[in-house]
Amino acid sequence: MRPNLRGMVKDSLAAAIVAALLAVPLLGFHLSGSAQGLTLDYRFGWVAIASLAVFCGRLALSLAGTAVGRSLRRRRQVVLPLSGRPSRIRPAVGWALVAVALLLPWTPLADRNLIDKATLLLIYIMLGWGLNIVVGLAGLLDLGYVAFYAVGAYCYALVSQQFGLSFWLCLPLAGALSASFGVLLGFPVLRLRGDYLAIVTLGFGEIVRVVLLNWQDVTNGPIGISGIARPTFFGLPLLASVPGRTTFHEFFGLPFSTDHRIYFLYYLILALALATNLFTLRIRRLPIGRAWEALREDETACRSLGIDPTKTKLSAFALGAMFAGFAGSFFATRQGFISPESFTFIESAIILAIVVLGGMGSQIGIVLAAVLLVGLPEWFRDLQQYRMLAFGGAMVVIMLWRPRGLLASREPTVRLAERPATLDAAGEVLP
Amino acid sequence: MNAETGQPLLTVEHLSMRFGGLFAVNDLSFAANRREITAIIGPNGAGKTTVFNCLTGFYKPTVGRLTLSPPSGARFLLERIDGFRIAKEAGVARTFQNIRLFAGMSVLENLMVAQHNRLMRASVYSLAGLLGLAGYRAAERRALDLARHWLDRMGLLAQADQTAGSLPYGLQRRLEIARAMCTEPAMLCLDEPAAGLNPRESQELSRLLLDIRGEFGIGILLIEHDMSVVMQISDHLVVLDHGALIAQGPPARVSNDPAVIRAYLGTEEDEALPPEVAGDLVAVPHSIPSAGQPPC
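Those protein sequence lines, which keep their order, are chains A and B. According to the working numbering, the first sequence holds residues 46 to 476 in order. According to the working numbering, the second sequence holds residues 25 to 320 in order.
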């Protein structure tokens, strides 16, 4: 198809006129204060420049967009494309990423700072994978996910301080408590869908934060909880010296270094995140996982097949919340200090953005999105006050380029091609 | 013919469904037998789909009793069971007027989702499934075999790993029936399964439904506008108009019923009758030969 130059010029002219109309009140008049009072300056030159810029920009976009636009239109399908053949690349990429993550602390690049950043990144990846169960698989838009993260963090902080339980005992406890909060939230909102659900979950997230902020006796309010117990290496404290106990470096005969703790935390969150991933990959192929996806596709049809929408949604909420609880306890033990400040709405929004940007439901997509969303603001640090502008611009570009997320194609949970009919009547596998 | 034939599978007594001041269904009573195809027909807005929605738990009937007596000997009062449990416990499966597949999932996955409850039991709160225990794996293999059986039967084997939404319309209709059959129902409710099919596909559908009736001995409830299909395959006809029953009985008798002709074609003042409509109503030969199944 040849580019329709006339149409483009017309379109650009229209855009320029709209821009001029908008620019007259916004740019054209300027109030300036002086000793004589307010004076009105007319700046129609600016208006002209702005309209000209819009005209040129629009024209350039349409000229450049003919090729890009075609490929974009092709991608905008109603149904998620299924990858036609079992992908060999994706598992390979996955294993490569795991290998990189495992070896990262041993590379010459690694220093405290990098490992610390990577730990933060892994927390977001784990939260993304957890939220993916709720949003990506079950299709329930949850804007208050950070509430469960907060529950996990406070659960660990309070239980370990009050009862002196170790991290490994608190971890399942925090997961269970978060999961029960998930059920608690799930019950009243089950009848809601889409936007309404998003609003209620948003409210829930805020309620949890406000309670944490105001329940002085228990949570210490805005001051937060400090001095949270650090994790131990299977009972060996990662500290310089603890009276009456053997510390990690004494046990292994190493010189003491604070790096040990950083590296240990890194491997800990890596293990937790990988466990989350393994769990999701596995449960997707189970009936409950398929029911989640079916529920996302069509709830009415699910009911007609005898699937209990209540239980299915609740299980998604609870499991998603559980992983947030695990991540929360890890967060608390890593920071040693938590306050309601860490659990604001923007955290929920970032986690949701990671899931959506990754391509709803794609595990590797979430890793890429987390790297972009948590990594980009770091790279853009040199841009100073334009940092968030560049970040937002990058997001817009990505969503234009990949409207369904970075990795939008969906791998079926079961393929007939891989399961040749090898069964005899008794259901035994034939050689 | 099997001794079960003629025993009522579903008894509808005095069913009424009211939306505000409107009676969508008004005091409807009929019975559908096991091993029979019962067609519910009537002009648009007669309340056919409302009856289906009451039967499958999407609506709670205002008044009425709906009794399902499957061959197992159990008895279910459908109006008292809520929503999804009708499909899960009583074994009523349905399809929808506007096809409702899980469009983004593969064809095979659609059939696996249909076997959810059986697989859930085998997966023991997903624990046996997560651990990959042998009991669950065997259940999954059986589910795959059932799915494969229906894919084969519907001629969908080659498309098993495609997205359901990408199938052509006729195949989507068949997949929806296959999905309903994968729940192993006692009663199958089909809401306009021939809508949008070409004549050849309609013929295939008729044959399929006769085969299902003969092979599984389940009752089939059918809403259909395509009179050639209805007259060919149904054993019993229930005619609704404005929510009320106006005639029921064997197709040959019902099609000559003056009340039915009036409802479909209007009273004599309505002059302009499209000839094809009148032609449809003339009883077509009652049965088509089907594979190994003598017509009832």
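Each residue gets a CB set at the ideal place from its N, CA and C atoms; glycine is no exception.
- For aspartate 161 (chain A), no beta strand (DSSP E) encloses it; the enclosing alpha helix (DSSP H) starts and ends at 157-177.
- Looking at A:Ile409, A:Arg51 and A:Phe362, the one whose alpha-carbon comes closest to that of leucine 452 (chain A) is A:Ile409.
- Against chain A, the CB of glutamate 239 (chain B) has no partner CB under 9 Å away; the residue lies outside that interface.
- Taking C-beta atoms as the reference points, histidine 38 (chain B) and valine 87 (chain B) count as a pair closer than 9 Å.
- The segment 215-227 of chain A makes no contact with the segment 390-397 of chain A: fewer than 3 CB pairs, one atom from each, lie closer than 8 Å.
- Membership of tyrosine 312 (chain A) in the alpha helix (DSSP H) is indicated by the continuous run 304-329.
- Taking a contact to require three or more Cβ pairs closer than 8 Å, the segment 364-383 of chain A and the segment 409-429 of chain A do not qualify as touching.
- At least one beta carbon of chain B lies nearer than 9 Å to the beta carbon of proline 354 (chain A).
- Contact between the segment 180-195 of chain A and the segment 241-253 of chain A is established, with three or more Cβ pairs separated by less than 8 Å.
- For phenylalanine 47 (chain B), the uninterrupted beta strand (DSSP E) segment begins and ends at 46-57.
- When secondary structure is reduced to three states using DSSP, leucine 264 (chain B) falls in the strand class.
- Only Gly153, Leu154 and Ala162 from the segment 151-164 of chain B bring a Cβ to less than 7 Å from some Cβ of chain A.
- In terms of CA proximity to glycine 179 (chain B), B:Gly194 leads the group B:Gly194, B:Arg166 and B:Arg99.
- Residue pairing for aspartate 86 (chain A): DSSP places it in a beta bridge opposite A:His75.
- When A:Met405, A:Trp337, A:Ala141 and A:Ala435 are compared, the shortest CA-CA separation from histidine 140 (chain B) is found for A:Trp337.
- By the criterion of a C-beta distance shorter than 7 Å, proline 70 (chain A) is surrounded by no residue of its chain, once the five residues flanking it on both sides are discounted.
- Given a length threshold of 4 residues, each whole run of the alpha helix (DSSP H) inside the segment 111-164 of chain B is given here in chain order: 131-138, 140-147 and 151-155.
- Looking from the CA of arginine 58 (chain B), the closest CA among B:Gln272, B:Arg224 and B:Ile236 belongs to B:Ile236.
- When Cβ-Cβ separations below 9 Å define contact, asparagine 50 (chain B) makes no contact with chain A.
- Under a criterion of Cβ atoms nearer than 7 Å, the residues of chain A adjacent to asparagine 141 (chain B) are, in order, Gly351.
- Between leucine 245 (chain B) and isoleucine 64 (chain B), the CB-CB gap stays under 9 Å.
- By the Cβ neighbour-count rule, tyrosine 431 (chain A) is exposed, with fewer than 16 other Cβ atoms within 10 Å of its own.
- Listed along chain A, no residue sits closer than 8 Å to leucine 246 (chain B) by beta-carbon distance, the nearest being about 16 Å off.
- Interface annotation, phenylalanine 362 (chain A): not in contact with chain B, CB-CB separation never under 9 Å.
- Around the Cβ of histidine 260 (chain B), a 10 Å sphere holds 16 or more other Cβ atoms; the residue is buried.
- Residues of chain A with a Cβ closer than 7 Å to the Cβ of serine 147 (chain B) are, in chain order, Leu331 and Pro332.
- Within the model, the alpha-carbon separation for phenylalanine 382 (chain A) versus tyrosine 190 (chain A) is close to 20 Å.
- Nearest to aspartate 169 (chain B) by alpha-carbon distance, out of B:Ala182, B:Leu157 and B:Leu135, is B:Leu135.
- In summary, proline 223 (chain B) is exposed, with fewer than 16 beta-carbon neighbours lying within 10 Å of its beta-carbon over all protein chains present.
- Taken atom to atom, the span from the alpha-carbon of leucine 188 (chain A) to that of arginine 198 (chain B) is near 39 Å.
- At least 9 Å separates the CB of alanine 276 (chain B) from every CB of chain A.
- Annotation: the continuous beta strand (DSSP E) that includes threonine 91 (chain B) extends over 87-92.
- In this structure, DSSP gives isoleucine 411 (chain A) a helical state, which the three-state scheme calls helix.
- Across the set B:Thr207, B:Leu46, B:Ile61 and B:Ala56, the C-alpha of B:Thr207 shows the shortest separation from the C-alpha of glycine 115 (chain B).
- Taking a Cβ-Cβ cut-off of 7 Å, the neighbours of methionine 136 (chain B) in chain A comprise Arg335 and Val459, given in sequence order.
- Bridge pairing for proline 282 (chain A): A:Thr277 [DSSP].
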